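The structure under discussion appears below in the form of structure tokens.
Residue numbers (my numbering): -12 to 557.
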């Protein structure tokens, strides 16, 4: 959980961004955290914040440290920064194409934030074709198979045509080949399924004996990279892209002991996972209002790749602040790994409240579109989930009311939800609504009024078809998810807005080449995965391409190396 930072607004970030570009391009800056200055005794406070103040704060967020002289120099065809899905795919693809890669990774092995994924989008794969193809009522053309062209048009419409059509052609058009390519390198898939009401194109990984499908995927992928002889430097941070005569010449990196390494390489691929763990950066570039947010996944995503690319002259794509919000996470109940009963309980369609004690969306929205639910939670100042002991007992006996990805399944009891939630700092249990509201500072009268109205909708839902939304006159929540709250004990959970990754980032073209402010290619520089932007509009497209970000990670790494081979003339 992060507390919302108050020192930098998105407006001040944007005010200073233009000046910052010139400052960073001239050389590395010192400092890693925002600095607040206070007036001296007798001095008046500044009349207003403006571009200068925004620039100072932005400098602090986007600066990269000065480095000493290198103690070691390495030669490579391709330097890859990050050993998650993007970087590992790029490294293995480089070996396949006869190139020499060197991987720089801040953690102690392969994995990165990709270990949090469960599956990826695949279109026209041998899995989907074995099913006779995929049909999807929500498609651009619902009467045609949901293949590459249909998915492209469907997703472009959803994202209001912000992404490039050619980028989508290259990305979606390669997904079937990538599934085959991954299988040829030892990755196994359980098959293709759907998420909520989405198309059946989510290709779920086999997880072996591991609790995490993504964790097992990266174990296998890392072993494959080792077997192929990929040179990797772990516990080493990529710090600065070396530019010579307007072209990439390599990378400066720093080990955990403070030693500087120089990688001499005409190609650098940036794939450090975005900026999910950098709350200052996230609040500065996004529209987030919620005081409580929680990054789910590995604590390794500080925006290093974005900083280095900006320093090298890169432009950011539209939607830098796009985040894969995923809705309520009970504070203190979930850590980096969310495949738990407590997580499943927290996202059930109970009664969600904001700081005013009011509902703000149809709570079953999460089951169909967790990204949409996440944005609804993002737009509140604080959020809470209210349910009763009867709900908890039902989940312990019958499982969750609605499916939670691949792990929270109706019919399978949530046996461990109670013990985890009871210990969580954000969870409060009491005999009355007034008692639990007092624990969190909510207006009990306002909450009671909301509950009374909600119970009326529950009464109206009796006897209706389960999918009938007419009883909930406010939001249209389906009848089967309307359970009365007229008896305690009551559970009131303070919730953060969880998010899996940031999605906005560096501007790239369809070849995954990084572009500058004039839209020109920066020769030798590529960015993929969560470091690259332009794939989405304001939200993740889980309803239309479930697993698209995981698929993008692997496919962008492969596409970058394919183009790099041409660039190198090898």
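By construction, the Cβ of each residue, glycine as well, lies at the ideal position given by its N, Cα and C atoms.
Predicted, not measured: the structure shown is a model, and the values here were computed from it.
Helix, strand or coil at residue i according to DSSP, with G and I counted as helix
i: residue 312; result: strand
i: residue 378; result: helix
i: residue 150; result: coil
i: residue 493; result: strand
i: residue 285; result: coil
i: residue 507; result: coil
i: residue 529; result: coil
i: residue 373; result: strand
i: residue 145; result: helix
i: residue 121; result: coil
i: residue 137; result: helix
Buried versus exposed, by CB contacts within 10 Å (16 or more), residue i
i: residue 546; result: buried
i: residue 312; result: buried
i: residue 62; result: exposed
i: residue 148; result: exposed
i: residue 526; result: buried
i: residue 179; result: buried
i: residue 439; result: exposed
i: residue 53; result: exposed
i: residue 544; result: buried
i: residue 199; result: buried
i: residue 402; result: exposed
i: residue 542; result: buried
i: residue 279; result: buried
i: residue 129; result: exposed
i: residue 144; result: exposed
i: residue 356; result: buried
i: residue 184; result: exposed
i: residue 50; result: buried
i: residue 64; result: buried
Residue interval of the alpha helix (DSSP H) (run including residue i)
i: residue 337; result: First-last for residue 337: undefined, no H or E at that position.
i: residue 442; result: 431 to 448
i: residue 215; result: 200 to 215
i: residue 542; result: 535 to 555
i: residue 268; result: 266 to 272
i: residue 220; result: Note, residue 220: premise wrong, no alpha helix (DSSP H); beta strand (DSSP E) at 218 to 220.
i: residue 420; result: 420 to 427
i: residue 79; result: 72 to 83
i: residue 362; result: 357 to 365
i: residue 295; result: 291 to 298
Continuous beta strand (DSSP E) stretch holding residue i: start and end
i: residue 488; result: 477 to 489
i: residue 190; result: 189 to 192
i: residue 502; result: 500 to 502
i: residue 115; result: Segment 113 to 117 is the alpha helix (DSSP H) holding residue 115; no beta strand (DSSP E) there.
i: residue 176; result: 176 to 180
i: residue 231; result: 223 to 231
Own chain residues within Cβ distance below 6 Å of residue i, not counting five before or after
i: residue 339; result: 350 and 372
i: residue 158; result: 542
i: residue 320; result: 329, 407, 408 and 411
i: residue 359; result: 352
i: residue 557; result: none
Of the listed residues the options, nearest to residue i (C-alpha basis)
i: residue 437; options: 348, 281 and 67; result: 348
i: residue 261; options: 502, 486, 433 and 415; result: 486
i: residue 374; options: 475, 154, 512 and 140; result: 475
i: residue 233; options: 48, 507, 520 and 174; result: 507
i: residue 284; options: 58, 482, 495 and 488; result: 488
i: residue 263; options: 253, 289 and 502; result: 289
i: residue 191; options: 97, 221 and 176; result: 176
i: residue 276; options: 268, 534, 366 and 459; result: 366
i: residue 216; options: 238, 75 and 346; result: 75
i: residue 495; options: 464, 150 and 46; result: 150
i: residue 530; options: 48, 142 and 87; result: 142
i: residue 537; options: 548, 519 and 524; result: 519
i: residue 552; options: 202, 197, 255 and 417; result: 255
i: residue 369; options: 391, 281 and 464; result: 281
i: residue 399; options: 422, 332 and 325; result: 332
i: residue 77; options: 470, 165, 385 and 354; result: 165
Residues near residue i by beta carbon distance below 7 Å, same chain, minus five either side
i: residue 449; result: none
i: residue 299; result: 228, 230, 509 and 512
i: residue 163; result: 109, 110, 111 and 112
i: residue 452; result: 466
i: residue 434; result: 340, 344, 420 and 424
Neighbour flag for residue i against chain B, beta carbons, 9 Å
i: residue 395; result: The structure shown contains no chain B; it is built from a single protein chain.
Close-in-space but distant-in-sequence residues of the same chain around residue i (CB under 8 Å, 5 per side omitted)
i: residue 430; result: 343, 344 and 424
i: residue 55; result: 247
i: residue 96; result: 70, 209 and 221
Proximity test, residue i beta-carbon vs the ligand NAP heavy atom, cut-off 8 Å
i: residue 139; result: The ligand NAP is not part of the structure shown, which contains no ligands of any sort.
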